[in-house]
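Take a look at the structure below.
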Amino acid sequence: MGTQNCIKQDPEQILREAISGGITAFQFREKGKGSLTGQAKIAMAMKLRDICYNEDIPFFINDDVDLIELLQVDGVHIGQDDISAAKIREKHPNLAIGLSVFNDAELAVSPLSLIDYIGAGPIYQTTSKEDAKQVTGTKWVESLRSKYPKLPIVGIGGIDTGNAAKVIEAGANGVAVISVITKADNIEEAVTNI
Ligand code: TZP
Ligand code: MG
């Protein structure tokens with residue numbers, strides 16, 4: 001999530017409650033309408049990074065590879081049009097790298113040997129990504145899983161407490177969510193239910 005997703009409460013509080021609920025990783029995705037830029041973005045990233053560090057939760061940054069060293073991140077998540085996994089891997093041999101893969105055409109040009117997991121989706125309709133592609137459904141996870149039995153897959157997009165299990169049953173190792181947490185009345189409960 002990023003601050004643009006945090007309408008009900010401040011980001012630090014949302015992150016703390018999500019951690020209490022049992023999230024296993026956090027990605028800072030400060031992007032889109034209303035998001036912070038420049039120093040304000042970095043200052044927020046540092047606050048959230050500290051919370052994750054103190055709670056032993058891996059901290060990922062979305063896209064901003066220039067923040068890798070400054071924030072001592074555990075991982076970075078990139079899209080098909082971002083800096084290449086090869087370039088990141090060259091400089092950071094031990095960093096976790098995630099890559100978004102939407103369809104077979106993207107899969108064909110994805111450097112799977114250099115990455116640690118695939119972000120698959122949007123599985124369902126999402127309101128959290130302005131330029132979201134059409135939904136893939138859980139079939140996309142099934143297809144990836146049948147081709148790559150051991151590749152870690154994280155489903156993303158419109159996942160909530162009602163459909164998360166379907167994504168896992170389709171073969172995903174995990175789910176990434178934004179709004180089901182940031183918009184929850186009871187964040188701990190939402191995370192526990194997922
Ligand atoms: N990439 C594909 S869907 C999505 C991203 C970043 C947004 C997921 O947010 P939500 O609110 O869980 O649908
Ligand atoms: Mg990106």
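Just so we're aligned, residue 1 is where the sequence shown starts under UniProt numbering, counting upward by one.
Beta carbons: idealized from backbone N, C-alpha and C, even for Gly.
Approximately 7 angstroms separates the beta-carbon atoms of I123 and I156; this is inside 8 angstroms, confirming the contact. For Q27, the three-state secondary structure derived from DSSP is strand.
Here S146 is exposed: its Cβ has fewer than 16 other Cβ atoms, across all protein chains shown, within 10 Å. Per the DSSP secondary-structure output, G174 pairs in a beta bridge with V154. Secondary structure of V109 (DSSP, three-state): coil.
DSSP places S100 in the uninterrupted beta strand (DSSP E) bounded by 96-101. According to the DSSP secondary-structure assignment, G34 is paired through a beta bridge with no residue.
Residues lining the ligand TZP by the Cβ criterion, that is a Cβ closer than 5 angstroms to any of its heavy atoms, are G121, P122, T126, S128, K129, I156, G157, G158, V177, I178, S179 in chain order. Contact between the region 83-94 and the region 103-122 is present: three or more C-beta pairs spanning the two stretches fall below 8 angstroms. The closest heavy atom of the ligand MG lies less than 6 angstroms from the beta carbon of G79. Residue pairing by DSSP leaves Y53 without any beta bridge partner. Between A45 and the set L71, G21, G32, I23, the nearest pair of CA atoms involves L71. Apart from the 5 residues on each side of it in sequence, I42 has no Cβ closer than 6 angstroms to any other Cβ in its chain.
In this structure, DSSP gives N62 an extended state, which the three-state scheme calls strand. The C-alpha of I181 is placed about 7 angstroms away from the C-alpha of A18. For H77, the pairing in a beta bridge is given by DSSP as N62, G98. When DSSP states are grouped into helix, strand and coil, A165 belongs to the helix group. Closer than 6 angstroms to some heavy atom of the ligand MG: that does not describe the Cβ of D66. The residue from D82, D131, I168 with its alpha-carbon nearest to that of K139 is I168.
Between V191 and G21, the beta carbon gap of about 3 angstroms places them in contact (Cβ cut-off 8 angstroms).
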